[in-house]
Structures are given as structure tokens and as C-alpha cells.
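One structure is given below, encoded as C-alpha cells.
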Amino acid sequence: MSRSVVVIGGGLAGLVAARHLADGGADVTLYEANETVGGRVTSQTDAGYTLDRGFQVLFTAYPAVQRELDLDALDLRRFAPGATIARPGKRSVLADPLGDPTAALASLRTDEVTTTDKLRTLALRQDLGTRAYDELLDRPDASIREWLQEWGFSEQYIGNFIAPFYGGITLDRSLSTSKRVFEYTFKALSDGDSAVPAAGMAAIPKQLAEAAADSGATIHTDEAVTELRQKRRHAVVVTDSDRRAVDAVVVATGPRPAARLTGCESIPTAGIGCVTQHYRLPDADPLDTGRRLLLNAGGTAPNTVVPMSTVAPEYAPDDTVLLNATFLGEEAINTASEHLATQTRETLSAWYPDRSFERLEPLRTDRIPFAQFAQPPGVHESLPDVRDGGRRTYLAGEYTEWSSIQGAMKSGRKAAQAVLEDH
Ligand SMILES: Cc1cc2nc3c(=O)[nH]c(=O)nc-3n(C[C@H](O)[C@H](O)[C@H](O)COP(=O)(O)OP(=O)(O)OC[C@H]3O[C@@H](n4cnc5c(N)ncnc54)[C@H](O)[C@@H]3O)c2cc1C
229 MSRSVVVIGG GLAGLVAARH LADGGADVTL YEANETVGGR VTSQTDAGYT
279 LDRGFQVLFT AYPAVQRELD LDALDLRRFA PGATIARPGK RSVLADPLGD
329 PTAALASLRT DEVTTTDKLR TLALRQDLGT RAYDELLDRP DASIREWLQE
379 WGFSEQYIGN FIAPFYGGIT LDRSLSTSKR VFEYTFKALS DGDSAVPAAG
429 MAAIPKQLAE AAADSGATIH TDEAVTELRQ KRRHAVVVTD SDRRAVDAVV
479 VATGPRPAAR LTGCESIPTA GIGCVTQHYR LPDADPLDTG RRLLLNAGGT
529 APNTVVPMST VAPEYAPDDT VLLNATFLGE EAINTASEHL ATQTRETLSA
579 WYPDRSFERL EPLRTDRIPF AQFAQPPGVH ESLPDVRDGG RRTYLAGEYT
629 EWSSIQGAMK SGRKAAQAVL EDH
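See the structure below:
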């Protein structure tokens, strides 16, 4: 008889776990509390606009992304490398500081960043190029800021480019996050692209869910697990409409519900949030940043403005432009939507004094109090192991690796392998 396994949670970690378990011959049932799978990676389509929940992108070079996804089928729309550094009255394109050394040299004239910084960036790229991804999370740790200072980068470079760019990735503009996250994402950006699927980020979990179902997993949405009991010979999973005794359980919820369900104390429960506001600009004239992010070097709110419909024209009707702006920090979560929109209008007007943003219209505001678990230096050493959930319970989720699509997918595969090894 095949072993029976319940997966709790249909985010990226749970979906990957379900597929590998089913491929390994297990009888798999996945319960997802929400109406759709995807967890933190979701999108909605409304009146011709595709709005991802929060601004997030897929790094194509992530090893788990390469392994778990059919990237061709996702029909990716790629960002141009680099970014536009913006401040009142001035915009400078930093062509490709990480990927293509020749483009980086071509952009040497950008006076936001010194020549020494660019040469150090190339040296850093070479150094990381010699290392395997897995090694990066085991290296000695420090905050991103301390580590870049150690490398000799100028405060100008750190403030104008790194703080808004990596602050956008880590949701922490102070750069107090672990430098391991910086190294991993820096290497991934050097090795590949950042992109969104033409149909929105939700296409990623949709593809994973289809693969899990094709492998034989059964997925129940809108069905939360309310209780998990661990017995010697089996585990019992309780939902509002079901109660099931199984050989093993993979808890692939976010960290807080996982801590509640399992009682595992090493699950990190501190989170970092952000707010992303989506806007329609009712003229078809895109911003001159092309497919690059705009980084706010002259202030902090918003941290970035992203020309979504320039990157992915499918995200908006033909005659309009879709932008989004992300605000970092606790304060943003409690700021009124209209005030956030005013901040974006004023910031864009300062960056583009010749254009009017009066008609910039907010479409939706995503307030996300827990977007990533907090990753101060050293945190990765204390994260729980896949087998720390209890007798027949296995942990999956980014919080067992590091906060990212890569961490989530890798954790799902590891949890599935552990179950298949043990049962
Ligand atoms: C705004 C934002 C921006 C981000 N940007 C990026 C980025 O650019 N690149 C990147 O790599 N990563 C990014 N991330 C991080 C990445 O999205 C997450 O690390 C990853 O999606 C986490 O996946 P997960 O499966 O571990 O957890 P989750 O996505 O949290 O999935 C957990 C699932 O469990 C379900 N669940 C919870 N409790 C129960 C229960 N009791 N019963 C049943 N189901 C339950 C939840 O509904 C959820 O669907 C971002 C995240 C956010 C929110």
C-alpha cells in the first residue's frame, strides 16, 4: 500500500512538495486555506489589468526555478538589466552593473556611481561567479551594509543604488539584512534575468499545481487545516470538513501558522512587510526608463516605481500604462491609500518635471504585513530543519532556507525527499 501524506499549504513550497511526493509514489492530499493556490505569489485580473500581489519577480537563474518550472511555458517578459536612478529633476541609467561588464563600462559616465564602485562590482561578480549557490548560505555573515563597506564601496553607491535596489529585494532599505541574501540575489542577477510571466506571477503556482495534479496529487482549496495531532503510528489532520489519519504530514504554511500547528520553536516568526500600489496612467506614453525599475535616490517613499506594462504589455489594455510603486517600512502599512498615491504623484512629477501625473489613478493597494521573514545576519544558522516539526511531521517553506521563491521551492523538494526516505 502506498504511504499517505497530507501537505498543508499550497504556496510554492507545498506545491513542489506535493508533486515530488506524488512522483515518488505517495498518496498525496494538499489542503490550501485560500480559494486559490500560490500563497504569497498571486495575481488578479481586473478590467484588462493584471495586478500581482505586491511587486515581485522571478529570477530565472535560481537553481530551483530551473529545476521545477517550465520557463518557456511561462512566456516570460524580462526586465532590462540595471535600473534608472531617479531624483528630483534628474534620471541616470545604470545600464547593467551586474550582468554584462561591457554595458557596465558603457555606463561609466553615470555620475551617481563612481568608477571605483563599478570596478569593485565587476570584482565581486567574478568572486561570486566562482562559487556554487549552495555555498553562499554557509559563508560567514554580516549585514549587507557592513559587508559592502568592507569591500570598499562608496557611501554614494550604497545610498544611490544598493539601498533602493536591494532594499527593494529584501524589503529593508537600511541594508541590515544578511549579506547572504545579497550574494545569492546578486549572483542570480548576474547569471540570468528577472522576469514576470505574461499572464502574471500567479502563472507560476498554477503551473506547479497542474504538475502536482498530473503526478496524482489531490488539491483541496478553501479548506484550512485547523488541527494537527501527532501519534506514534500516524498523524491526524483535521479540517472543517475532513479528518484524516496519514503516515506523514508536510507543513508548508507560512512560518506563523507552521509554528502554531507544530509548536516548533525554532521557526522564525518575525516578518517584514511592504505596501505596493498599482496605478493606471490614462495615456499610452510610457516613462522613458524602458523596461527598467526607477529607484528613488532622492527620498524613500516610494522606494521604487516599476513600469509594469512596458515590461509586460499584456498586463494592461493597449491605450494605458500600468505602473506600480512599493513603499517600505511599518509606517507605510498604516498610511492611507490616497496619501500613498499623492506621494507617488509628487515623486514622479519631481523626477519628470515636464510631465503631468495628475491623472495617475490608483487601481489597488496591496498591504502586506508579512511578505518575508526577517533575515538579520546569522539567522540562517538557526532555521529549523525539515525534520524538526515532530514525529511524523516535516517542515517545508522558505523559512527553512531563505526568504525567496528559490528557498520555498527548494524546501518543498527537500521535505518530499525526507518523507520518501523515512516512510
Ligand atoms: C510582496 C512580496 C514580494 C516578494 N518578492 C520576491 C521576489 O521578487 N523574488 C523572490 O524570490 N521572492 C519574493 N518574495 C518571497 C516569496 O514570494 C516567498 O518567499 C514565497 O512565495 C514563500 O512561499 P511558501 O510556500 O514558503 O509560503 P507561502 O507563500 O506563505 O504559502 C503558504 C500557504 O499556506 C497556506 N496556509 C496557511 N495556513 C494554512 C492552514 N492552516 N491550512 C491550509 N493552508 C494554510 C497559505 O494560505 C499559503 O497559501 C516576495 C514576497 C512578497 C509577499
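For the sequence shown, counting from 1, position 237 maps to 465 in my numbering; every step adds exactly one. Idealized CB from N, CA, C, for every residue including glycine.
Contact check, Ser-564 vs Gly-242, beta carbons under 8 Å: Taking the sequence shown and counting its residues from 1, the one referred to as residue 564 is at position 336. Taking the sequence shown and counting its residues from 1, the one referred to as residue 242 is at position 14. Strictly speaking, residue 564 in this sequence is Ala, with Ser absent from that position. No, the pair does not count as a contact, with Cβ atoms beyond the cut-off.
Nearest residue (CA-CA) to Pro-368, options Arg-595, Asp-547, Pro-604: Position 140 of the sequence shown holds residue 368. Pro-368 has its Cα closest to that of Pro-604, out of Arg-595, Asp-547, Pro-604.
Best match in Ser-632, Ala-553, Tyr-394, Thr-575 for proximity to Thr-593 [C-alpha to C-alpha]: Indexing the sequence shown from 1 puts residue 593 at position 365. Here the closest residue by C-alpha is Ala-553.
Ala-416 beta carbon less than 8 Å from that of Leu-403: Locating residue 403 in the sequence shown gives position 175, where the first residue counts as 1. Locating residue 416 in the sequence shown gives position 188, where the first residue counts as 1. The Cβ-Cβ distance between Leu-403 and Ala-416 does not fall below 8 Å.
Whole-Å CB distance - Val-293 paired with Met-637, under 8 Å assumed: One-based indexing of the sequence shown puts residue 293 at position 65. One-based indexing of the sequence shown puts residue 637 at position 409. Between the beta-carbon of Val-293 and that of Met-637 there is about 7 Å, and that keeps the pair under the 8 Å contact cut.
Beta carbon of Leu-399 nearer than 8 Å to that of Gln-634: Taking the first residue of the sequence shown as 1, we reach residue 399 at position 171. Taking the first residue of the sequence shown as 1, we reach residue 634 at position 406. Taking C-beta atoms as the reference points, Leu-399 and Gln-634 fail to come closer than 8 Å.
Ala-268 beta carbon near ligand 1 (any heavy atom closer than 7 Å): By 1-based counting over the sequence shown, the position of residue 268 is 40. Before going further, note that residue 268 is Arg rather than Ala in the sequence given. Proximity of the beta carbon of Arg-268 to ligand 1 is indicated: a heavy atom of the ligand is located closer than 7 Å.
N- and C-terminal bounds of the beta strand (DSSP E) containing Gly-501: Locating residue 501 in the sequence shown gives position 273, where the first residue counts as 1. Where Gly-501 is concerned, the enclosing beta strand (DSSP E) stretches over 499-509.
Any non-hydrogen atom of ligand 1 closer than 7 Å to Asn-531 Cβ: Your numbering for residue 531 matches position 303 in the sequence shown. Because no heavy atom of ligand 1 lies under 7 Å away, the Cβ of Asn-531 does not count as near it: no.
Beta-carbon contacts of Ala-476 that lie in its chain and below 6 Å, excluding the five residues immediately before and after: Along the sequence shown, one-based indexing puts residue 476 at 248. If we look at Ala-476 and ignore the five residues flanking it on each side, its Cβ neighbours are Val-233, Arg-620, Val-647, His-651.
Nearest residue (CA-CA) to Pro-530, options Trp-379, Leu-556, Tyr-277, Ala-544: Locating residue 530 in the sequence shown gives position 302, counting from the first residue. Nearest C-alpha to Pro-530 among Trp-379, Leu-556, Tyr-277, Ala-544: Leu-556.
Where the alpha helix (DSSP H) through Lys-642 begins and ends: Mapped onto the sequence shown, residue 642 falls at position 414. That run of the alpha helix (DSSP H) goes 633-650.
Other residues of its chain near Asp-339: CB distance less than 8 Å, five sequence neighbours each side excluded: Start at 1 with the first residue of the sequence shown, and residue 339 comes out as number 111. Within its own chain, the residues whose Cβ lies closer than 8 Å to the Cβ of Asp-339, once the five positions on either side in sequence are excluded, are Ser-320, listed in chain order.
Contacting residues, own chain, Cβ-Cβ under 6 Å from Gly-526 (five flanking each side not counted): In the sequence shown, the residue the question calls residue 526 occupies position 298. Cβ contact annotation for Gly-526 (same chain, cutoff 6 Å, sequence separation greater than five): Arg-315, Pro-316, in chain order.
Extent of the continuous alpha helix (DSSP H) run through Asp-516: The sequence position of residue 516 within the sequence shown is 288, counting from 1. Element bounds for Asp-516: n/a, residue is neither H nor E.
Cys-502 Cβ short of 7 Å to ligand 1 heavy atom set: If you number the sequence shown from 1, residue 502 lands on position 274. It does: the Cβ of Cys-502 is within 7 Å (strictly closer) of some heavy atom of ligand 1.
Contact set for Asp-345: own chain, Cβ-Cβ below 6 Å, skip 5 residues either direction: Locating residue 345 in the sequence shown gives position 117, counting from the first residue. For Asp-345, where only same-chain residues beyond five positions count, the Cβ hits under 6 Å are Phe-381, Ser-382, Tyr-385.
Residues of its chain near Leu-591, where Cβ-Cβ distance is below 7 Å and the 5 sequence neighbours each way are ignored: Taking the first residue of the sequence shown as position 1, residue 591 is located at position 363. Same-chain partners within the cutoff: Tyr-277, Leu-279, His-506, Tyr-507, Arg-508.
3 or more residues per run - each beta strand (DSSP E) lying fully within the segment 399-446: Here the runs fully enclosed are 422-425.
Beta-carbon separation (whole angstroms), Ala-486 vs Val-265, contact threshold 8 Å: Position 258 of the sequence shown, counted from the first residue, corresponds to residue 486. Position 37 of the sequence shown, counted from the first residue, corresponds to residue 265. Ala-486 to Val-265, Cβ: 17 Å. No contact.
Beta-carbon contacts of Trp-379 that lie in its chain and below 7 Å, excluding the five residues immediately before and after: What you label residue 379 is simply residue 151 of the sequence shown in a count that begins at 1. Arg-348, Leu-352.
Beta-carbon spacing of Leu-623, Ala-643 below 8 Å: Position 395 of the sequence shown, counting from 1, holds the residue named residue 623. Position 415 of the sequence shown, counting from 1, holds the residue named residue 643. Cβ distance < 8 Å, so Leu-623 and Ala-643 count as in contact.
Test item: CB-CB of Gly-499 and Phe-410 under 8 Å: The residue given as residue 499 occupies position 271 in the sequence shown. The residue given as residue 410 occupies position 182 in the sequence shown. In this structure, Phe-410 does not lie closer than 8 Å to Gly-499 by Cβ.
Separation of Leu-258 from Thr-570, as counted between CA atoms: Position 342 of the sequence shown, counting from 1, holds the residue named residue 570. Position 30 of the sequence shown, counting from 1, holds the residue named residue 258. In a straight line, the C-alpha of Thr-570 is about 43 Å away from that of Leu-258.
Simplified DSSP assignment, three categories, for Asn-524: Along the sequence shown, read from residue 1 onward, the residue named residue 524 stands at position 296. Note: Asn-524 maps to strand in three-state DSSP.
Contact test: Pro-485 Cβ vs ligand 1 heavy atom, cutoff 7 Å: Counting from 1 along the sequence shown, the entry for residue 485 is found at position 257. Correct: Pro-485 has its Cβ closer than 7 Å to ligand 1.
Of the listed residues Leu-240, Thr-405, Ala-560, Arg-306, nearest to Ala-430 (C-alpha basis): As a first step, residue 430 must be located in the sequence shown, where it is residue number 202. In terms of Cα proximity to Ala-430, the closest of Leu-240, Thr-405, Ala-560, Arg-306 is Leu-240.
When Arg-615, Arg-359, Val-607, Pro-309 are compared against Ala-370, the one with the closest alpha-carbon: Looking up residue 370 in the sequence shown gives position 142. Ranking Arg-615, Arg-359, Val-607, Pro-309 by Cα distance to Ala-370 puts Val-607 first.
Asp-324 versus Leu-350 - alpha carbon distance: Residue numbering aside, residue 324 sits at position 96 when the sequence shown is read from its first letter. Residue numbering aside, residue 350 sits at position 122 when the sequence shown is read from its first letter. The C-alpha of Asp-324 lies about 11 Å from the C-alpha of Leu-350.
Distance cut-off 7 Å: Leu-240 Cβ against heavy atoms of ligand 1: Working through the sequence shown from its first residue, we reach residue 240 at position 12. Distance from the C-beta of Leu-240 to the nearest heavy atom of ligand 1 is below 7 Å.
Any non-hydrogen atom of ligand 2 closer than 7 Å to Val-478 Cβ: No copy of ligand 2 appears in this structure; the ligands present are ligand 1.
Three-state class that DSSP yields for Ala-564 in the structure shown: Counting from one through the sequence shown, the residue named residue 564 turns up at place 336. The answer is coil: DSSP assigns Ala-564 none of H, G, I, E or B.
C-beta contact flag for Ala-254 and Arg-231 at 8 Å: As a working note, residue 254 is residue 26 in the sequence shown. As a working note, residue 231 is residue 3 in the sequence shown. Yes. Within cutoff.
Length of the line joining the Cα atoms of Arg-281 and Asp-582: Position 53 of the sequence shown, counted from the first residue, corresponds to residue 281. Position 354 of the sequence shown, counted from the first residue, corresponds to residue 582. Spanning the alpha carbons of Arg-281 and Asp-582 requires a straight line of approximately 31 Å.
Close-in-space but distant-in-sequence residues of the same chain around Gly-444 (CB under 6 Å, 5 per side omitted): As a working mapping, residue 444 is identified with position 216 in the sequence shown. By the criterion of a C-beta distance shorter than 6 Å, Gly-444 is surrounded in its chain by Ala-250, once the five residues flanking it on both sides are discounted.
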